[in-house]
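Going by the numbering used here, the first residue of the sequence shown is number 23, and it counts up by one from there.
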Amino acid sequence: MSSASGSSHQHMIFMTRASIVARLNEHNNSISNSKTPASAERNELLDHPAMIAAAKSCVFIKDVSRSLGFPARTISTAQLLVHRVYVLRPSPSIGSNDLTIACLLVAAKMEETTKKLRDILAHSYLLSKQPADSSLEPQSVSSTITDRMRTSVVAAEQYVMDAIGFDFRTTHPHLLFVKLAKMANVPRQTTAVAGWEILGDAFFTTLPVQYPSSVIAAGALCLAWNLDCEDPKDSTPFILKLFS
Numbered sequence: 023m024s025s026a027s028g029s030s031h032q033h034m035i036f037m038t039r040a041s042i043v044a045r046l047n048e049h050n051n052s053i054s055n056s057k058t059p060a061s062a063e064r065n066e067l068l069d070h071p072a073m074i075a076a077a078k079s080c081v082f083i084k085d086v087s088r089s090l091g092f093p094a095r096t097i098s099t100a101q102l103l104v105h106r107v108y109v110l111r112p113s114p115s116i117g118s119n120d121l122t123i124a125c126l127l128v129a130a131k132m133e134e135t136t137k138k139l140r141d142i143l144a145h146s147y148l149l150s151k152q153p154a155d156s157s158l159e160p161q162s163v164s165s166t167i168t169d170r171m172r173t174s175v176v177a178a179e180q181y182v183m184d185a186i187g188f189d190f191r192t193t194h195p196h197l198l199f200v201k202l203a204k205m206a207n208v209p210r211q212t213t214a215v216a217g218w219e220i221l222g223d224a225f226f227t228t229l230p231v232q233y234p235s236s237v238i239a240a241g242a243l244c245l246a247w248n249l250d251c252e253d254p255k256d257s258t259p260f261i262l263k264l265f266s
């Protein structure tokens, strides 16, 4: 279902930071049925309650995905779905855990890396327990628990698909990042590795709904390249080299 072509960016409208903040504040006002005074509106994304919740969801997705053995592209797609739903169509009636698991479930289908729903639910259940009991195995989670989770997660899955307009096309910066790193001939064990980590971290933020994957891939590589330099440098020549 996924696409790696640059032309598929046309289906997704990217948002500015200001428009994301405005949308989040609009959702808050509609939920509270009152207009928040302009002076009290949150003008930063990092401390916005919705973005804090989204960040926690992204961490949970990464933990569950690692436990299940999902590849990086599935993790990133699930995290992108989280941000798209939280920014474009949040629902106070759906639990954050259900929404998070649903995003991972949809992402797994989009990336054709599907797992059994019971396995996803069992791993999610164990990792959501606080404190986590490392002695328990996913196979030990009773069907009663997973069946109880299934109903709300499936409902949340339908909501996620509806929120994204049943548009399952997506693009990935990972393959492009590898190509750019090879083109630029950056040190593999330092710059390339650091850039890959930065690329993954970008999906914990709203960057994927603000910029095309090509920009995120190049940005991660440029930042890693600059961090690898003894002295900060103008990255313009490096960027020109990437896209020349």
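The beta-carbon is built from N, C-alpha and C at its ideal position, and this holds for glycine as well.
So, at 8 Å on beta carbons, what are the nonlocal neighbours of residue i in its own chain, with the 5 sequence-adjacent residues on each side left out?
| i | result |
| --- | --- |
| arginine 106 | Ala185, Ile186, Val231 |
Suppose contacts are defined by Cβ-Cβ distances below 7 Å. Is residue i in contact with residue j by that definition?
| i | j | result |
| --- | --- | --- |
| leucine 148 | leucine 158 | yes |
| leucine 229 | isoleucine 220 | no |
| alanine 178 | alanine 124 | yes |
| alanine 206 | threonine 168 | no |
| serine 41 | alanine 75 | no |
| valine 176 | aspartate 120 | no |
| serine 236 | leucine 198 | yes |
Quick one: Cα of residue i to Cα of residue j, how far?
| i | j | result |
| --- | --- | --- |
| cysteine 103 | lysine 201 | One point to set straight first is that residue 103 is leucine, not cysteine, in the sequence displayed. Roughly 25 Å separates the two Cα atoms. |
| methionine 132 | proline 93 | 13 Å |
| arginine 172 | glutamate 48 | 31 Å |
| threonine 136 | phenylalanine 190 | 14 Å |
| leucine 85 | alanine 44 | One point to set straight first is that residue 85 is aspartate, not leucine, in the sequence displayed. About 31 Å. |
| tyrosine 6 | serine 162 | This structure gives no information on residue 6, because the portion of the chain shown stretches from 23 to 266. |
| valine 208 | glutamate 66 | 34 Å |
| threonine 99 | leucine 126 | 8 Å |
| valine 109 | arginine 39 | 11 Å |
| alanine 72 | isoleucine 116 | 13 Å |
| threonine 96 | threonine 192 | 11 Å |
| serine 87 | proline 160 | 13 Å |
| histidine 194 | phenylalanine 36 | 15 Å |
| aspartate 250 | serine 165 | 50 Å |
| arginine 170 | aspartate 141 | 14 Å |
Please work out which residues of its chain come closer than 7 Å, Cβ to Cβ, to residue i, disregarding the five sequence neighbours upstream and downstream, and give them in chain order.
| i | result |
| --- | --- |
| glutamine 101 | Cys80, Ile83, Phe225, Phe226 |
| alanine 203 | Ala214, Gly217, Leu243 |
| serine 89 | His145, Leu149 |
| arginine 111 | Ala185 |
| serine 113 | Tyr181 |
| alanine 246 | Thr213, Ala216, Gly217, Ile220 |
| valine 128 | Leu103, Glu179, Val182, Met183 |
Under the three-state reduction of DSSP, which class applies to residue i: helix, strand or coil?
| i | result |
| --- | --- |
| histidine 70 | coil |
| proline 230 | helix |
| valine 163 | coil |
| arginine 88 | helix |
| isoleucine 116 | coil |
| asparagine 207 | coil |
| isoleucine 196 | According to the sequence provided, residue 196 is histidine. The question's isoleucine does not apply to it. The answer is helix: DSSP assigns histidine 196 an H, G or I state. |
| isoleucine 3 | Lying before the first or after the last residue shown, residue 3 is absent from the chain, which here runs from 23 to 266. |
| methionine 37 | coil |
| isoleucine 186 | coil |
| threonine 168 | helix |
| lysine 201 | helix |
| glutamate 63 | Confidence is the limiting factor: at glutamate 63 the pLDDT is only 42, short of 50, which leaves the residue's position unreliable, though a coordinate-based value still follows. In this structure, glutamate 63 counts as coil in the three-state DSSP scheme. |
| arginine 355 | One cannot answer for residue 355 here, as it falls past the ends of the chain, which runs 23 to 266. |
| lysine 137 | coil |
| arginine 191 | coil |
| leucine 126 | helix |
| phenylalanine 82 | helix |
| lysine 131 | helix |
| leucine 158 | coil |
Looking at residue i and the ligand FMN, is the gap between the Cβ and the nearest heavy atom below 6 Å?
| i | result |
| --- | --- |
| phenylalanine 225 | For the ligand FMN, the structure offers nothing, since it holds no ligand at all. |
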